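In what follows, a single structure is set out as structure tokens and then discussed.
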């Protein structure tokens, strides 16, 4: 019998609208790919759905969107040769919007069960300005309620997450440091972080200005170990 190959660990990016999730997913992937990792990005299912349908989904269509988001993530994690998966949103966001817009909390059990499979969850902060983006944007007034529901859902399920703030490259660096913080079990404090390639020795991994020897660990290995059972 052939042993089943371990699935690649996954990093989830969740957050309210117009908080840079898509840009952050692409930037994280590019940064880690430059270090020699094979990184797959799972795009947001809802975006493509709205573009094809020319409208936002009805309440009865929410579960199918959440399930497809989960399916694409699981498929990416199972793909041979993939070291890491970065997801631009998760079913949790579908559950949150279904709750907020349609007063339907029924998607939370599925979404949170799926969320447990991620090695790290990043919650994008509200420090970026709101920008209109077609059908997917409900307005700046919904960002705080969405943010609050995401936090409440994760905290209620006792799922660890880290906030990501900052502009431009600083946001990417803080996301990388947050991933390291989750993987290493440390509390995240904003700092610029330097991460190694797969072939660099662990001593090359350092957090600028941190001085903590515990930072000298490898991101990929830690995430792989953390997500091995996901």
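Numbering (this note's numbering), first residue to last: 143 to 372.
Using N, Cα and C, we set each Cβ at its ideal position, and we do this for glycine too.
This one's a predicted model, so the numbers in the text were calculated from it and none came from an experiment.
Looking at 152, 186 and 148, the one whose alpha-carbon comes closest to that of residue 163 is 186. Taking C-beta separations shorter than 8 Å and ignoring five residues to either side along the sequence, the partners of residue 257 in its chain run 154, 232, 233, 234, 263, 296, 299 and 301, following chain order. Judged by their CB atoms, residue 238 and residue 292 are nearer to each other than the 8 Å cut-off. For the set 156, 150, 152 and 148, the Cα lying nearest the Cα of residue 289 is the one of 156. The shortest CA-to-CA distance from residue 179 to any of 207, 323, 228 and 203 is the one to 228.
Distance between residue 181 and residue 226, taken at the CA atoms: about 5 Å.
With a 10 Å radius around the Cβ and a threshold of 16 neighbouring Cβ atoms, residue 217 comes out exposed. Per DSSP, residue 283 lies in no alpha helix (DSSP H) and is assigned neither H nor E.
Pairing residue 317 with residue 166 gives a Cβ-Cβ distance under 8 Å. For a cut-off of 8 Å, the C-beta gap from residue 240 to residue 201 is around 7 Å, short enough to register as a contact. In the three-state reduction of the DSSP assignment, residue 182 falls in the strand class. Scanning the region 213-276 from its first residue to its last, the whole beta strand (DSSP E) runs of 3-plus residues come out as 226-230 and 262-266. Listed in chain order, the non-local C-beta contacts of residue 320 below 7 Å within the same chain comprise 264, 304, 306 and 330, local neighbours out to five positions each way being set aside. In this structure, the CA atom of residue 196 is about 32 Å from the CA atom of residue 220. Bounds of any alpha helix (DSSP H) do not take in residue 299, whose DSSP letter is neither H nor E. According to DSSP, residue pairing for residue 304 in a beta bridge involves 264. The Cβ atoms of residue 158 and residue 313 do not sit closer than 8 Å to each other. Between residue 176 and residue 190, the alpha-carbon positions lie close to 28 Å from each other. Boundaries cannot be given for residue 176, as no alpha helix (DSSP H) includes it and DSSP labels it neither H nor E.
In the three-state scheme derived from DSSP, where H, G and I count as helix and E and B as strand, residue 150 is classed as coil. In terms of Cβ geometry, residue 184 and residue 171 do not form a close pair [threshold 8 Å]. Residue 208 counts as buried, since at least 16 other C-beta atoms from the protein chains shown sit within 10 angstroms of its C-beta.
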